[in-house]
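Participant:
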Amino acid sequence: MKTVGYLYDPLFLEHTYPGHPESDKRLRAVINLLQQENMFDELTALNCKAATEAELAQVHRHDYISEVMSIAGYGGGHMGWTRI
5 MKTVGYLYDP LFLEHTYPGH PESDKRLRAV INLLQQENMF DELTALNCKA ATEAELAQVH
65 RHDYISEVMS IAGYGGGHMG WTRI
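Sequential numbering of the sequence shown, starting at 5, is according to our numbering.
#1: Would LEU50 pass as a contact of TYR21 if the rule is Cβ separation under 8 angstroms?
#2: Using CA coordinates, which residue listed in VAL63, GLU57, VAL8 is at the minimum distance from MET73?
#3: Under a three-way DSSP split, which group does VAL72 fall into?
#4: Answer yes or no: do LEU37 and PHE44 have a C-beta to C-beta separation smaller than 8 angstroms?
#5: Can you tell me the Cα-Cα spacing of LEU17 and VAL8, whole angstroms?
#6: Near LEU60, what residues of its chain come up, given a Cβ to Cβ distance below 8 angstroms and the 5 sequence neighbours on each side ignored?
#7: Rounded to whole angstroms, what is the Cα-Cα separation between PRO25 and LEU31?
As structure tokens, this is what we get:
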């Protein structure tokens, strides 16, 4: 039987940009359902870590990574989810 793992960090709940599909509301709904169905015992919690720039570059363009890092350097902000 295969093991199913999940990644979670409370920081994920801070992703609250209105209208974005990766929202805190979606995550809270998934967590609530897993708790209601007592499924957390069936899952394996995996450790979270910050992605390296090389890992990000596997799925994002370098100019996008630079833009996000620049915004993060000023304390964060919103780019608009269609920019991704």
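Think of the CB as a built atom: it goes at the ideal place given N, C-alpha and C, for glycine as much as any other residue. Only a predicted model underlies this, so the values are computations on that prediction, with no experimental measurement involved.
Facilitator: Reading off the structure:
#1: By 1-based counting over the sequence shown, the position of residue 50 is 46. By 1-based counting over the sequence shown, the position of residue 21 is 17. No; because the gap between Cβ atoms is not below 8 angstroms, this pair is not in contact.
#2: Position 69 of the sequence shown, counting from 1, holds the residue named residue 73. Selected option, being the one with the closest Cα: GLU57.
#3: Residue 72 sits at position 68 when you count from the first residue of the sequence shown. Three-state result, VAL72: helix.
#4: Within the sequence shown, numbered from 1, the residue matching residue 37 stands at position 33. Within the sequence shown, numbered from 1, the residue matching residue 44 stands at position 40. No. Outside cutoff.
#5: Working through the sequence shown from its first residue, we reach residue 17 at position 13. Working through the sequence shown from its first residue, we reach residue 8 at position 4. Going by the C-alpha atoms only, they are around 21 angstroms apart.
#6: Start at 1 with the first residue of the sequence shown, and residue 60 comes out as number 56. The answer, listed in chain order, is ILE69.
#7: Within the sequence shown, residue 25 is the residue found at index 21, counting from 1. Within the sequence shown, residue 31 is the residue found at index 27, counting from 1. Using only the alpha carbons, I get a separation of about 10 angstroms.
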